[in-house]
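Student: Taken in sequence, the protein lines are chains U and R.
Per the working numbering, residue 87 is the first one in the first sequence, and the count goes up by one each step.
Per the working numbering, residue 1371 is the first one in the second sequence, and the count goes up by one each step.
The C-beta atom is built at its ideal place from N, Cα and C for all residues, glycine as well.
Below is one structure. I have some questions about it.
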Amino acid sequence: MTTVAGPETAAQTEGTSAGLRSLLRTGIDDIRSGNLGVLPIVLALVAIVVFFSFSATNFFTATNFGNVIIQMAGTTMLAYGVVFVLLLGEIDLSISYVAGIGALTVAELQRPGSGPALSGLIAMPLAIVACALIGTAQGSIVAKIGVPSFVVTLAGFLIWQGVIVYRLEQPGSIIIQDRWINYTGSYYFSHLAGWLIAALVVGGYAVSVLSGVVSKMRAGVTVPNRPLILLKVVALAVAAFGVVAICNTAKVQGTPLGLPLAAVIIVLFLVVLTFLAKRTTFGRHVYAVGGNAEAARRAGINVPRIRILVFLISSVMAGIGGIILAANVNSVDTNFGGGTLLLDAISAAVIGGTSLFGGRGEVRNAFLGGAVIATVQNGLNTAGYNPGTIYIVTGIILLLAVTVDTVARRLQARAGR
Amino acid sequence: MGASTALLDSPVTDTPLLELRGISKSYGSVQALTDVDFEVRAGEVMALVGDNGAGKSTLIKCVAGTHAFDGGEIYFEGRQVEIHGPKDAADLGIEVVYQDLALCDNLDVVQNMYLGREEHDWLHRLKEPPMEQRTAETMKSLAVTTIRSIRQPVATLSGGQRQSVAVARAVMWNSKLVILDEPTAALGVAQTEQVLALVRRLAEQGLAVVIISHNLHDIFETAHRITVLRLGRNVGLYERVKTTQQEVVEAITAGKPTKVSGIPMTAAAPQ
Ligand SMILES: Nc1ncnc2c1ncn2[C@@H]1O[C@H](COP(=O)(O)OP(=O)(O)OP(=O)(O)O)[C@@H](O)[C@H]1O
Ligand SMILES: [Mg+2]
């Protein structure tokens, strides 16, 4: 994935055909040296989609495509946070029930009658603040006192589950009636709005990429591989407009649907968090601490601060995910945050290629992993498989993904040095 | 040999850049340093040698600000200064290259060079192009040519290349004094040579360099002067052209404290 410096690069960017050839060569070199990037996971996703398209009649439909997006949204939010925690080489086991706390808080705050009956527009930020406080507290215990994150967040797992059960024991569940909260799970944009959003995403990406190239050229440093950049912009355009095109043909009982709000939330956080991880000093320091905490400390990085902020991000993303998950079912009950939510979120990050040992991973890993898990679960459901099959298949995919990555890394270690 | 030409070319001045007077330091009941004097001039490579536990690393940590010392004075560019933390040392222009744990393997060369001091705008957005440019310039000025791409992760570099990155990082910050604690301890012959050449180049560029090493061959190839510590005390200060390895080994293993009269051994030493 690194750009190659030196006189060769200047020559490579001269002609387009030469550029394409070099692009191909870089790709082959990358694969040979074990730097697989997102290729295996994308191929796996394609294979899964093809498989279910043939084995389940209702799978490959526009409506179900929208369903998959909505289903993956909540878990993917949690997984985004997991990426940051794993980058540090830590773990956060509390996220599924912190998500529950986020959901419980909005449900409680919007509750009409004896509840405060706040608008969702106020309830959601307040719930996220509550989760931020939880993350800060857990992160501080890890970073300042030095209790292992496994233990701190395992305690969090139990405590927040306890809070949810304690509060919901009596009513059993709280129904969410606020439309703003429910929109996060069920709002569809109009067809025109969908197209505009796709145009905005592609345009924004093209502009940011272009400004990056210009500033690099102005500084006279390594000019990145231009055909590759063009290819990426084109691929994104195809994907964005493709998604909107499919969503816009979806109908439920004659009512046309469109691009789900959940899709925009997924992409928005993907962009914002990728920016945070890759383009800011904070993100750089997260990678540094995950790679070598002692070196980071000696370089003057405030390591405890980075750790606390990462656990804060993890809890905030969990809270946001929890709100979306609650909106999907319009309620919160005593089982909220249980089941496979925690492991799905961690699996999503890991399947996508994030290392458990810190320092390696990207936010988009969680996006792709989340898509894989949601697609598999949706496909198996649609095809009418026993729920047990879903766990087994998810487990096998997780094992396969990490094995492929491990083998690839070993090849890389052999090729390098 | 390269070393002797470096000796002639170096712009060595007579006033010390860094001067330590009567430094003492104890770890609880262990007296690690007793009344130690030390100096290094701009454009000079000063070696700091001594047996295991002689107090070399401790002395360096006092200068780097990671440890507080109990007694003594520090003069930098002729002024008395106080060093209370790594930041104070960095502000003076003192950079330390630690033997281990200095780089993040998962980050590339540029990212390591700027670790903790990234260039950014008000939004804390990283400014990659200037960082990449300046890294390339620094590498070029130090004639570090074996690294193919400054955008490759440090994990893919050899030991010598990694050490070169660590040294280059120390130099990039307009530092005046670079301290290297056993920079060649883990390196093979060719890579050691590479790092030593880099060390000589630093001095040629007018920096003061302190190098700690157990390898007298390395020392005699790079250093202008040699300070010997034994059991936390000064036992000798030698000019590299006027001494022999034999003499230095004797000082390391059986040297008598030189501070009894209050005057270190060499005529060149100011007092
Ligand atoms: N953190 C510490 N706590 C207690 N004693 C220490 C500590 N660090 C060093 N010492 C003691 O101080 C003395 C000097 O140690 P120092 O590390 O400075 O030696 P050195 O000359 O660097 O040796 P080496 O060549 O083995 O690196 C030794 O007796 C050592 O045991
Ligand atoms: Mg030492």
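Can you list, in chain order, the residues of the region 161-174 of chain U whose Cβ is nearer than 7 Å to any Cβ on chain R?
Tutor: Cβ contacts with chain R come from no residue of the region 161-174 of chain U.
Student: Identify whether leucine 1496(R) lies in helix, strand or coil by the three-state DSSP scheme.
Tutor: For the purposes of this step, residue 1496(R) is taken as residue 126 along the second sequence, with counting starting at 1. Three-state result, leucine 1496(R): strand.
Student: If we cut at 8 Å on Cβ distances, does glutamate 1502(R) have a partner in chain U?
Tutor: The residue labelled residue 1502(R) in the question sits at position 132 within the second sequence. Yes, its Cβ sits closer than 8 Å to a Cβ of chain U.
Student: Under 7 Å Cβ to Cβ from methionine 1509(R), same chain only, skipping five residues before and after it: list those, please.
Tutor: By one-based count along the second sequence, residue 1509(R) stands at place 139. Taken in chain order, the residues that qualify are Ile1517, Ile1520, Ala1538.
Student: Relative to the alpha-carbon of valine 330(U), which residue among Ala348(U), Leu317(U), Tyr291(U) has its alpha-carbon at the smallest distance?
Tutor: As a first step, residue 330(U) must be located in the first sequence, where it is residue number 244. Ranking the options by Cα distance to valine 330(U), first place goes to Ala348(U).
Student: What is the DSSP secondary structure of glutamate 1488(R), counted as helix, strand or coil?
Tutor: For the purposes of this step, residue 1488(R) is taken as residue 118 along the second sequence, with counting starting at 1. Here glutamate 1488(R) sits in coil by DSSP.
Student: Would the beta-carbon of aspartate 1588(R) be found less than 7 Å away from any heavy atom of ligand 2?
Tutor: The sequence position of residue 1588(R) within the second sequence is 218, counting from 1. Not so, every heavy atom of ligand 2 lies at least 7 Å from the Cβ.
Student: Taking Cβ positions only, does proline 1553(R) come closer than 8 Å to chain U?
Tutor: The count along the second sequence starts at 1 and reaches residue 1553(R) at position 183. No, proline 1553(R) lies away from the interface with chain U (no Cβ there is under 8 Å from its Cβ).
Student: Looking at chain R, is there any beta carbon in it that lies within less than 8 Å of the beta carbon of tyrosine 291(U)?
Tutor: Position 205 of the first sequence, counting from 1, holds the residue named residue 291(U). False, the Cβ-Cβ gap to chain R never drops below 8 Å.
Student: Considering only DSSP beta bridges, list what glutamate 1465(R) is partnered with.
Tutor: Counting from 1 along the second sequence, the entry for residue 1465(R) is found at position 95. DSSP, once it has assigned bridges, lists Val1548(R) as partnering glutamate 1465(R).
Student: Have a look at Phe453(U), Asp419(U), Ser441(U) and flag the residue whose alpha-carbon is nearest the alpha-carbon of glutamate 255(U).
Tutor: For the purposes of this step, residue 255(U) is taken as the residue at position 169 of the first sequence. Looking at the Cα atoms, Asp419(U) is the closest of the given residues.
Student: Just checking my contact of valine 1467(R) with leucine 1512(R) at CB under 8 Å: how many whole Å lie between their CB atoms?
Tutor: Along the second sequence, one-based indexing puts residue 1467(R) at 97. Along the second sequence, one-based indexing puts residue 1512(R) at 142. Between leucine 1512(R) and valine 1467(R) the Cβ distance is about 13 Å, and since that is not below 8 Å, they are no contact.
Student: Can you give, in chain order, each stretch of the beta strand (DSSP E) that sits fully within the region 1393-1448 of chain R and has at least 3 residues?
Tutor: Runs of the beta strand (DSSP E) inside the region 1393-1448 of chain R: 1400-1411, 1415-1419, 1441-1446.
Student: Which term fits aspartate 1379(R), buried or exposed, when burial requires 16 or more other beta carbons within 10 angstroms of its beta carbon?
Tutor: Along the second sequence, one-based indexing puts residue 1379(R) at 9. Confidence in aspartate 1379(R) is poor, its pLDDT being 47 and thus under 50, which makes the residue's placement unreliable; the coordinate value appears in the next sentence. Flag for aspartate 1379(R) reads exposed.
Student: If you draw a straight line from the alpha carbon of valine 299(U) to that of proline 346(U), how long is it in whole angstroms?
Tutor: Taking the first sequence and counting its residues from 1, the one referred to as residue 299(U) is at position 213. Taking the first sequence and counting its residues from 1, the one referred to as residue 346(U) is at position 260. Straight-line Cα distance between these residues: approximately 33 Å.
Student: If you drop the 5 nearest sequence neighbours on each side, which residues of the same chain put their C-beta closer than 8 Å to that of leucine 484(U)?
Tutor: Looking up residue 484(U) in the first sequence gives position 398. Closer than 8 Å at the Cβ level, and outside the excluded window around leucine 484(U), lie Ser433, Val436, Ile437.
Student: Give, in chain order, every residue of the region 346-370 of chain U whose Cβ lies closer than 9 Å to some Cβ of chain R.
Tutor: Phe361, Lys364, Arg365, Thr366, Thr367, Phe368, Gly369, Arg370
Student: Note down, in chain order, each residue of its chain lying with its Cβ closer than 7 Å to the Cβ of glycine 1632(R), except the 5 sequence neighbours on either side.
Tutor: As a first step, residue 1632(R) is located in the second sequence; it is residue number 262 there, counting from the start. Legend: pLDDT at glycine 1632(R) = 46, less than 50; position of this residue unreliable, value from coordinates given subsequently. Excluding positions up to five away in sequence, the list is empty.
Student: Indicate the three-state DSSP secondary structure (helix, strand or coil) for leucine 317(U) in the structure shown.
Tutor: Numbered from 1 along the first sequence, position 231 holds the residue referred to as residue 317(U). Here leucine 317(U) sits in helix by DSSP.
Student: Would lysine 230(U) be called buried (16 or more neighbouring beta carbons within 10 Å of its own) or exposed?
Tutor: In the first sequence, the residue the question calls residue 230(U) occupies position 144. So lysine 230(U) ends up on the exposed side.
Student: Taking a Cβ distance cut-off of 7 Å, strictly less, list which residues of the region 1538-1552 of chain R are near chain U, in chain order.
Tutor: none
Student: Kindly list, in the order they appear in chain R, the residues whose Cβ is closer than 8 Å to that of alanine 382(U).
Tutor: Here residue 382(U) refers to the residue found at position 296 of the first sequence. Ordered by position in chain R, the residues that pass the 8 Å Cβ test against alanine 382(U) are Cys1474, Leu1485, Gly1486.
Student: Could you check how far apart the C-beta atoms of alanine 185(U) and glycine 408(U) are, in whole angstroms? I think they sit under 8 Å.
Tutor: For the purposes of this step, residue 185(U) is taken as the residue at position 99 of the first sequence. For the purposes of this step, residue 408(U) is taken as the residue at position 322 of the first sequence. Going by Cβ atoms, the distance from alanine 185(U) to glycine 408(U) rounds to 3 Å, so yes, they are a contact pair.
Student: Is methionine 1416(R) buried or exposed, if buried means 16 or more other CB atoms sit within 10 Å of its CB?
Tutor: Along the second sequence, read from residue 1 onward, the residue named residue 1416(R) stands at position 46. Buried.
Student: Quick one: what's got a C-beta closer than 8 Å to tyrosine 373(U)'s C-beta in the same chain, skipping five residues either side?
Tutor: Position 287 of the first sequence holds residue 373(U). Excluding positions up to five away in sequence, the list reads Leu173, Ala363, Gly445.
Student: Let me check you understand the geometry: is the CB of lysine 1426(R) closer than 7 Å to at least one non-hydrogen atom of ligand 2?
Tutor: The sequence position of residue 1426(R) within the second sequence is 56, counting from 1. For ligand 2, at least one heavy atom lies less than 7 Å from the Cβ of lysine 1426(R).
Student: When the distance is taken between beta carbons, is threonine 1505(R) closer than 8 Å to valine 1480(R)?
Tutor: Your numbering for residue 1480(R) matches position 110 in the second sequence. Your numbering for residue 1505(R) matches position 135 in the second sequence. Yes.
Student: Within 10 angstroms of the Cβ of methionine 158(U), are there 16 or more other Cβ atoms? Answer buried if so, exposed if not.
Tutor: Here residue 158(U) refers to the residue found at position 72 of the first sequence. Looking at its Cβ environment, which holds 16 or more other Cβ atoms inside 10 Å, methionine 158(U) is buried.
Student: Bridge partners for valine 1451(R) per DSSP, in chain order?
Tutor: The count along the second sequence starts at 1 and reaches residue 1451(R) at position 81. In DSSP, valine 1451(R) forms a bridge with Ile1444(R).
Student: Compute every distance between the C-beta of asparagine 1585(R) and the non-hydrogen atoms of ligand 1, then say whether any falls below 7 Å.
Tutor: Along the second sequence, one-based indexing puts residue 1585(R) at 215. Checking the Cβ of asparagine 1585(R) against ligand 1 gives no.
Student: At a cut-off of 7 Å, would you count asparagine 1422(R) as near ligand 1, judging by its Cβ distance to the nearest heavy atom?
Tutor: Locating residue 1422(R) in the second sequence gives position 52, where the first residue counts as 1. Distances taken from the Cβ of asparagine 1422(R) to the heavy atoms of ligand 1 include one shorter than 7 Å.
Student: Using a Cβ-Cβ cut-off of 8 Å (strictly less than) and excluding sequence neighbours within five positions of phenylalanine 137(U), which residues of its own chain qualify?
Tutor: Along the first sequence, one-based indexing puts residue 137(U) at 51. Hits under 8 Å: Gly465.
Student: Arginine 1391(R) by DSSP, collapsed to three states: which one?
Tutor: Working through the second sequence from its first residue, we reach residue 1391(R) at position 21. Of the three classes helix, strand and coil, the one that applies to arginine 1391(R) here is strand, per DSSP.
Student: Determine the extent of the alpha helix (DSSP H) in which asparagine 153(U) is found, giving its start and end residues.
Tutor: Position 67 of the first sequence, counted from the first residue, corresponds to residue 153(U). Note, asparagine 153(U): alpha helix (DSSP H), 148-173.
Student: What does the alpha-carbon distance come out to for the pair leucine 1418(R) and serine 1427(R)?
Tutor: Translated into the one-based positions of the second sequence, residue 1418(R) becomes position 48. Translated into the one-based positions of the second sequence, residue 1427(R) becomes position 57. Straight-line Cα distance between these residues: approximately 9 Å.
Student: Can you find the residues in the same chain that come closer than 6 Å, C-beta to C-beta, to aspartate 1458(R), ignoring five residues on each side of it along the sequence?
Tutor: Taking the second sequence and counting its residues from 1, the one referred to as residue 1458(R) is at position 88. So the qualifying residues of the chain are Gly1435.
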